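**Student:** So that we are looking at the same thing, I have put the structure below in structure tokens.
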Amino acid sequence: MRFLRQTLAIAAKDLRSEIRGKEAVNASVSFALVILLLFSFAFDLEPAEIRDIAGGLLWLIFAFAGTLILNRSFARELVNDCLDALLASPVSGAQLFFGKCIANYVLIVIVECISLPVFVIFYNVVPQRLALLFLVMLLGTWGITVIGTMFSAMTVNLRLRELMLPTLIYPMLIPALIGAIELSRVLITGVPLAESLFWFRVLVAFNVIFTILALALVEIVLVG
Amino acid sequence: MRLKIIVTLSVLAGAILAWNLHRIFLQVPDEASQGAIFRIIYFHVPAAITSFTGFYIGMFSGVGYLIRKDLRLDSIAASINEVSLAFATITICTGSIWGRIIWGIWWTWDARLTSYFVCLLIYFGYFMLRRAIDDPTTRARLSAVLSIFACVDIVLVWKSIEWFRTQHPGPVLEIRGGGGMAPGMEAPLWWNFLALLMLATALVLIRTRQEGMRREIDALRRHAHAF
Numbered sequence: 079m080r081f082l083r084q085t086l087a088i089a090a091k092d093l094r095s096e097i098r099g100k101e102a103v104n105a106s107v108s109f110a111l112v113i114l115l116l117f118s119f120a121f122d123l124e125p126a127e128i129r130d131i132a133g134g135l136l137w138l139i140f141a142f143a144g145t146l147i148l149n150r151s152f153a154r155e156l157v158n159d160c161l162d163a164l165l166a167s168p169v170s171g172a173q174l175f176f177g178k179c180i181a182n183y184v185l186i187v188i189v190e191c192i193s194l195p196v197f198v199i200f201y202n203v204v205p206q207r208l209a210l211l212f213l214v215m216l217l218g219t220w221g222i223t224v225i226g227t228m229f230s231a232m233t234v235n236l237r238l239r240e241l242m243l244p245t246l247i248y249p250m251l252i253p254a255l256i257g258a259i260e261l262s263r264v265l266i267t268g269v270p271l272a273e274s275l276f277w278f279r280v281l282v283a284f285n286v287i288f289t290i291l292a293l294a295l296v297e298i299v300l301v302g
Numbered sequence: 208m209r210l211k212i213i214v215t216l217s218v219l220a221g222a223i224l225a226w227n228l229h230r231i232f233l234q235v236p237d238e239a240s241q242g243a244i245f246r247i248i249y250f251h252v253p254a255a256i257t258s259f260t261g262f263y264i265g266m267f268s269g270v271g272y273l274i275r276k277d278l279r280l281d282s283i284a285a286s287i288n289e290v291s292l293a294f295a296t297i298t299i300c301t302g303s304i305w306g307r308i309i310w311g312i313w314w315t316w317d318a319r320l321t322s323y324f325v326c327l328l329i330y331f332g333y334f335m336l337r338r339a340i341d342d343p344t345t346r347a348r349l350s351a352v353l354s355i356f357a358c359v360d361i362v363l364v365w366k367s368i369e370w371f372r373t374q375h376p377g378p379v380l381e382i383r384g385g386g387g388m389a390p391g392m393e394a395p396l397w398w399n400f401l402a403l404l405m406l407a408t409a410l411v412l413i414r415t416r417q418e419g420m421r422r423e424i425d426a427l428r429r430h431a432h433a434f
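So the sequences go chain by chain: A and B. Just so we're aligned, residue 79 is where the first sequence starts under the numbering used here, counting upward by one. Just so we're aligned, residue 208 is where the second sequence starts under the numbering used here, counting upward by one.
Next comes the structure, spelled out in structure tokens:
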């Protein structure tokens with residue numbers, strides 16, 4: 079219970095700070111819109127073809143835009159040595175990490191909830207099974223969040239952290255992204271889901287494995 | 208002592224490779240459907256197994272560092288991962304050459320090839336991370352954690368042949384339930400694996416020694432700056 083309370087305190091702190099400043103969310107939403115614009119120049123496709131690749135496009139937007147939020151997650155604590163203060167407080171590394179994960183997760187889901195309708199309007203792609211697509215978004219985003227927050231903690235003190243984070247996390251995220259893209263494609267186009275249910279298991283397994291691993295190792299990363 | 212081990216391993220690896228090359232090119236017949244190019248498997252598969260073995264030993268060495276906080280273990284982990292990365296590159300290159308002849312293309316986004324490529328990118332990231340950190344203990348700590356994450360990804364790579372539909376050939380070795388290779392043709396593959404493993408061990412010993420020297424130089428440099 080104490081673990082949860084302190085975790086939520088960290089999450090609330092991060093969310094409050096972001097709501098007041100809106101630095102990362104504004105940048106992330108703007109970046110998502112820019113990518114949506116660039117895709118219109120990169121692809122000149124028929125409506126049926128767009129439906130086929132819509133899942134991939136969506137997850138590229140989510141992954142790229144999400145990185146901007148993840149990059150700020152620990153970096154915002156560097157000012158005035160706030161990270162040292164947080165580590166010195168009676169909050170464990172796992173609580174700090176999990177709290178930041180929850181805050182990042184909420185922020186990335188907000189960015190996705192703004193990007194998805196814009197994508198639907200711009201590309202005239204109406205998802206066939208919206209509720210399930212939202213479930214896939216929630217599952218895939220947790221994978222991005224856990225890996226991203228963990229690597230954000232690892233790279234926070236590096237000179238080239240803005241460059242290092244995407245380089246490190248995108249290859250790590252490939253299994254989750256493949257699963258999310260495949261499921262999104264199926265749910266947007268409306269083809270039978272039965273054959274792709276396997277990818278739900280991959281996504282869940284990915285999330286569970288990396289959440290446990292991150293919680294077990296984050297103390298080493300943050301404290302030593 | 209270390210030098211003697213390096214020389215012995217290198218000589219033995221060289222001798223086995225020379226003997227094996229004689230067998231592969233002059234005694235083993237061409238494969239019925241693939242022809243002469245199938246011989247690339249004698250380097251492709253052993254290099255792949257060597258790289259996987261190395262990545263895992265590298266991870267355990269990293270875990271050893273996290274437990275004992277001995278920087279020598281970090282040097283060993285970095286050396287093993289570096290040599291394994293070289294062998295992984297050999298695997299990708301030999302596979303690509305084979306693919307050009309059999310599939311008619313240098314590369315395809317087949318699940319296993321993609322996973323292997325992802326694996327390479329993760330380890331490129333591992334070395335980028337190492338280069339970006341100056342403090343030896345932080346470098347060792349974060350590298351070990353990254354190595355653990357990377358090895359979980361390797362499990363996905365290893366299992367992907369069963370998980371994903373793929374155009375990559377199915378398991379051919381008896382040990383993986385393939386049974387698609389005649390015993391006379393399979394034996395040189397395991398000898399090559401032994402030779403490459405010896406070669407990899409010799410290279411790791413050389414790299415570990417270099418890492419140790421670098422650590423000493425860094426310590427001396429810090430000492431000199433302190434005055």
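By construction, the Cβ of each residue, glycine as well, lies at the ideal position given by its N, Cα and C atoms. Fair warning: this is a prediction, and the values are worked out from it, not measured in the lab.
Going by beta carbon distance, what residues of the same chain come within less than 7 Å of residue 214/A, once the five residues before and after it are set aside?
**Tutor:** Sequence index remark: in the first sequence, residue 214/A carries index 136 (1-based). The residues are 258, 261, 262 and 265.
**Student:** Alpha carbon to alpha carbon, what distance is there between residue 255/B and residue 393/B?
**Tutor:** Counting from 1 along the second sequence, the entry for residue 393/B is found at position 186. Counting from 1 along the second sequence, the entry for residue 255/B is found at position 48. Roughly 16 Å separates the two Cα atoms.
**Student:** On a CA-only basis, which of 297/A, 99/A, 234/A and 141/A is nearest residue 223/A? Give me that one, please.
**Tutor:** Here residue 223/A corresponds to residue number 145 of the first sequence, with the count starting at 1. Out of 297/A, 99/A, 234/A and 141/A, 141/A has the C-alpha closest to the C-alpha of residue 223/A.
**Student:** Are the beta-carbon atoms of residue 303/B and residue 314/B separated by less than 8 Å?
**Tutor:** On the second sequence, residue 303/B is found 96 positions in, with the first residue counted as 1. On the second sequence, residue 314/B is found 107 positions in, with the first residue counted as 1. Yes, Cβ-Cβ distance for residue 303/B and residue 314/B is below 8 Å.
**Student:** Starting from residue 92/A, trace the alpha helix (DSSP H) both ways and give me its first and last residue.
**Tutor:** Here residue 92/A refers to the residue found at position 14 when the first sequence is read from its first residue. Note, residue 92/A: alpha helix (DSSP H), 80-99.
**Student:** Please state whether DSSP places residue 238/B in a helix, a strand or coil.
**Tutor:** If you number the second sequence from 1, residue 238/B lands on position 31. Here residue 238/B sits in strand by DSSP.
**Student:** Along the chain, where does the alpha helix (DSSP H) that runs through residue 288/B open and close?
**Tutor:** Residue numbering aside, residue 288/B sits at position 81 when the second sequence is read from its first letter. Run containing residue 288/B: 278-309, per the alpha helix (DSSP H) assignment.
**Student:** Run through chain B and tell me which residues come within less than 7 Å of residue 237/A, C-beta to C-beta.
**Tutor:** The sequence position of residue 237/A within the first sequence is 159, counting from 1. Ordered by position in chain B, the residues that pass the 7 Å Cβ test against residue 237/A are 339.
**Student:** Output yes or no for whether 8 Å exceeds the beta carbon distance between residue 250/B and residue 301/B.
**Tutor:** Residue numbering aside, residue 250/B sits at position 43 when the second sequence is read from its first letter. Residue numbering aside, residue 301/B sits at position 94 when the second sequence is read from its first letter. Going by C-beta atoms, residue 250/B is nearer than 8 Å to residue 301/B.
**Student:** So residue 316/B is in the alpha helix (DSSP H); what residue range does that whole segment cover?
**Tutor:** Taking the first residue of the second sequence as position 1, residue 316/B is located at position 109. Run containing residue 316/B: none; DSSP gives neither H nor E here.
**Student:** In this structure, how does DSSP classify residue 170/A when only helix, strand and coil are distinguished?
**Tutor:** If you number the first sequence from 1, residue 170/A lands on position 92. It is coil, neither helix nor strand.
**Student:** Examine chain A for any beta-carbon lying closer than 8 Å to the beta-carbon of residue 349/B, and answer yes or no.
**Tutor:** Along the second sequence, one-based indexing puts residue 349/B at 142. So, interface residue.
**Student:** Along chain A, in chain order, which residues have C-beta atoms closer than 7 Å to that of residue 356/B?
**Tutor:** For this step, residue 356/B is matched to residue 149 along the second sequence. Simply 250 and 291.
**Student:** Do residue 407/B and residue 294/B have their beta-carbon atoms positioned less than 8 Å apart in this structure?
**Tutor:** In the second sequence, residue 294/B corresponds to position 87, counting from 1. In the second sequence, residue 407/B corresponds to position 200, counting from 1. Yes, the Cβ-Cβ distance between residue 294/B and residue 407/B is below 8 Å.
**Student:** So with CB distances below 9 Å, who are the chain A contacts of residue 427/B?
**Tutor:** By one-based count along the second sequence, residue 427/B stands at place 220. Within 9 Å Cβ-Cβ: nothing; residue 427/B doesn't reach chain A, min ~24 Å.
**Student:** Within the continuous alpha helix (DSSP H) that includes residue 244/A, where are the two ends?
**Tutor:** Position 166 of the first sequence, counted from the start, is the residue given in the question as residue 244/A. Residue 244/A -> alpha helix (DSSP H) spans 239-267.
**Student:** So, using beta-carbon positions, are residue 265/B and residue 291/B closer together than 8 Å?
**Tutor:** On the second sequence, position 58 is the one that residue 265/B refers to. On the second sequence, position 84 is the one that residue 291/B refers to. Yes. Within cutoff.
**Student:** Give the range of the alpha helix (DSSP H) segment to which residue 123/A is assigned.
**Tutor:** On the first sequence, position 45 is the one that residue 123/A refers to. No alpha helix (DSSP H) holds residue 123/A; DSSP gives it neither H nor E.
**Student:** Using DSSP with H/G/I as helix, E/B as strand and the rest coil, what is residue 235/A?
**Tutor:** Sequence index remark: in the first sequence, residue 235/A carries index 157 (1-based). Here residue 235/A sits in coil by DSSP.
**Student:** Can a CB atom of chain B be found closer than 8 Å to the CB of residue 245/A?
**Tutor:** Your numbering for residue 245/A matches position 167 in the first sequence. Yes, because at least one Cβ of chain B sits closer than 8 Å to the Cβ of residue 245/A.
**Student:** If I measure Cβ to Cβ from residue 368/B and keep anything under 6 Å in the same chain, skipping five residues before and after, which residues do I get?
**Tutor:** In the second sequence, residue 368/B corresponds to position 161, counting from 1. Interpretation of residue 368/B is limited by its pLDDT of 45, a score under 50 that renders its predicted location unreliable; the figure taken from the coordinates is listed afterwards. Closer than 6 Å at Cβ, skipping near neighbours: 319.
**Student:** Is the beta carbon of residue 396/B closer than 8 Å to that of residue 257/B?
**Tutor:** Taking the second sequence and counting its residues from 1, the one referred to as residue 257/B is at position 50. Taking the second sequence and counting its residues from 1, the one referred to as residue 396/B is at position 189. Cβ distance not < 8 Å, so residue 257/B and residue 396/B don't count as in contact.
**Student:** Three or more C-beta pairs under 8 Å: does that hold for the segment 226-235 of chain A against the segment 141-157 of chain A?
**Tutor:** The segment 226-235 of chain A, when compared against the segment 141-157 of chain A, does touch it at the 8 Å Cβ threshold.
**Student:** Exposed or buried, what is residue 173/A when buried is set at 16 or more other beta-carbons lying within 10 Å of its beta-carbon?
**Tutor:** Numbered from its first residue, the first sequence carries residue 173/A at position 95. When all chains shown are included, residue 173/A counts as buried.
**Student:** Using the Cβ count rule (16 or more neighbours within 10 Å means buried), how would you classify residue 273/A?
**Tutor:** Within the first sequence, residue 273/A is the residue found at index 195, counting from 1. Counting Cβ neighbours within 10 Å, residue 273/A comes out exposed, since fewer than 16 surround it.
**Student:** Terminal residues of the continuous alpha helix (DSSP H) containing residue 436/B?
**Tutor:** Examination of residue 436/B is not possible in this model, given that chain B is present from 208 through 434 alone.
**Student:** Just to confirm the assignment, what range does the alpha helix (DSSP H) spanning residue 203/A have?
**Tutor:** Counting from 1 along the first sequence, the entry for residue 203/A is found at position 125. Note, residue 203/A: premise wrong, no alpha helix (DSSP H); not H, not E.
**Student:** Pairs of beta-carbons, one from the segment 190-203 of chain A and one from the segment 233-253 of chain B, closer than 8 Å: are there three or more?
**Tutor:** No contact exists between the segment 190-203 of chain A and the segment 233-253 of chain B.
**Student:** I need the straight-line Cα distance from residue 307/A to residue 331/B, nearest angstrom please.
**Tutor:** Within the shown structure, residues of chain A are numbered from 79 to 302, placing residue 307/A beyond reach of any answer.
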